[in-house]
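Asker:
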Amino acid sequence: MKIAIVGFPGCGKSICFKAITGKKKSEVETLDPTKPHLGTVKVPDQRLERLNTFFNPKKLTPTEIIFEDLPGFHIPQIKEIEAIVEILGIFSERNPVKDFENMDIEFMLADLEIINKRLPGLDKELKQEKAREKILEKETLLKCKKTLEENKPLRDFELTPEEEKEIRGFQFLSRKPLFVLGNIDETQKSTDVTKKTEAYCKGKNIKFVEFCGKLEAEIADLDETEAGSFLKEMGIDKSARERVIELAYSALGYITFFTTKGSETKAWPVKEGTTAIEAAGKIHSDIQKGFIKAEVVNFKNLDKSGSMQEAKKKALLRLEGKEYKIKDGDIIDFRFNV
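All the letters of the sequence shown, read from the start, carry residue numbers 1 to 338 under the numbering used here.
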């Protein structure tokens, strides 16, 4: 999973990247500002810690997200990611709503350019062969073009699953999952500007998180014990950084299932709606090829039972076939034959 961090100059994008990825000040100071920067973060999940008490593995492996801080507005690299987090600087000299609108215009212009380049070639292909897929592709692209020319991003445009499949390869920027960080300074919490920006995002059905990049970056420089004490003193259950990571995970439409094999208990991210055989392939192609059944117990049922043995007694473990749709929190043992 890779998420691009974008924002106009002066919005505080780099310090937010530092805060989100937990990079130390010394690490950030050595980064080349002209190149993309990557930071890998672990997705916090209390269920994984709880599973530690059930299975006592030597290793706990959480899911991870890669955040990429891009220099300027680099369209080709943004295309390679799954979602976008936009930093809006909520400072006295900035207009965050205007910044959001301008960024959307950049996304829409980039998408429109792709469509305008594709349509002439598509027309030539259709003259040679009236293939159904090509006809559907053209119809869908023309619908997208009309939407963009009406100054509407493609994320607001409903497509059928078939239409979605036809345009997936174009990686349109204005259709990618998007959420916003309102980067404030310590004196601006819950000001009128912040509230107006949050209300604007809500009206666009876009998630908004108030985020003090400077403060969160300072917390990132503390060790785990100091950071925990600081947050406790401030009366904060979890840092904004943790909320951003959780929001990014959900914005991508992911759920988590768990496996316990040998000495490792591991969290696996999959899209909602993933089937058992697809999840098996995420672990290893051999498991997918030789799939027999999936033995499943959901975390909630295991946690209530108190042990795997009790869960079995209560018949909460069940065998599922290839088409079973994975549910968030499922603990799965795949049975397969190579």
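Where a beta carbon is used, it is the ideal one built from N, C-alpha and C, also for glycine.
#1: Cα-Cα, which of F208, V296 and K322 is closest to L247?
#2: For N298, does the count of other Cβ atoms within 10 angstroms reach 16, so buried, or fall short, so exposed?
#3: Identify the residues that DSSP records as bridge partners of G89: which are they?
#4: Would a C-beta distance cut-off of 7 angstroms place I105 and C11 closer than the cut-off?
#5: In the DSSP assignment, what residue or residues form a beta bridge with I84?
#6: Would you grab the beta carbon distance between A19 and G213 for me? Rounded to a whole angstrom, and I think it's under 8 angstroms.
#7: Just grab the DSSP bridge partners of L319 for me.
#8: Is V338 helix, strand or coil when you go by DSSP?
#9: Quick one: measure Cβ to Cβ for S340 and K293, integer angstroms, because I've assumed they're closer than 8 angstroms.
#10: How far does the beta strand (DSSP E) with L38 in it reach, from first residue to last?
#11: Which of the three DSSP states, helix, strand or coil, is assigned to T53?
#12: Going by beta-carbon coordinates alone, are A199 and I15 separated by less than 7 angstroms?
#13: Between F257 and I332, is the Cβ-Cβ spacing less than 7 angstroms?
#14: Would you kindly work out how many angstroms separate the C-alpha atoms of G321 and L48, rounded to a whole number?
Answerer: Quick answer:
#1: Counting from 1 along the sequence shown, the entry for residue 247 is found at position 247. Comparing Cα positions, the closest option is F208.
#2: For the purposes of this step, residue 298 is taken as residue 298 along the sequence shown, with counting starting at 1. N298 comes out buried.
#3: Position 89 of the sequence shown, counting from 1, holds the residue named residue 89. In the DSSP output, where bridge partners are listed per residue, G89 has N183.
#4: Sequence index remark: in the sequence shown, residue 105 carries index 105 (1-based). Sequence index remark: in the sequence shown, residue 11 carries index 11 (1-based). It is not a contact, given that the beta carbons lie outside the stated cut-off.
#5: Working through the sequence shown from its first residue, we reach residue 84 at position 84. Paired residue(s): A4 and L178.
#6: For this step, residue 19 is matched to residue 19 along the sequence shown. For this step, residue 213 is matched to residue 213 along the sequence shown. For a cut-off of 8 angstroms, the C-beta gap from A19 to G213 is around 5 angstroms, short enough to register as a contact.
#7: For the purposes of this step, residue 319 is taken as residue 319 along the sequence shown, with counting starting at 1. In DSSP, L319 forms a bridge with E295.
#8: On the sequence shown, position 338 is the one that residue 338 refers to. Residue state, collapsed to three classes: coil.
#9: No statement about residue 340 is possible, as the shown extent of the chain runs from 1 to 338 and does not include it.
#10: Here residue 38 refers to the residue found at position 38 when the sequence shown is read from its first residue. Where L38 is concerned, the enclosing beta strand (DSSP E) starts and stops at H37 to K42.
#11: The count along the sequence shown starts at 1 and reaches residue 53 at position 53. Looking at T53 - three-state DSSP - the assignment turns out to be helix.
#12: In the sequence shown, counting from the first residue as 1, residue 199 sits at position 199. In the sequence shown, counting from the first residue as 1, residue 15 sits at position 15. In this structure, A199 lies away from I15, with their beta-carbon atoms at least 7 angstroms apart.
#13: Along the sequence shown, read from residue 1 onward, the residue named residue 257 stands at position 257. Along the sequence shown, read from residue 1 onward, the residue named residue 332 stands at position 332. Contact flag set, yes.
#14: Within the sequence shown, residue 321 is the residue found at index 321, counting from 1. Within the sequence shown, residue 48 is the residue found at index 48, counting from 1. Roughly 25 angstroms separates the two Cα atoms.
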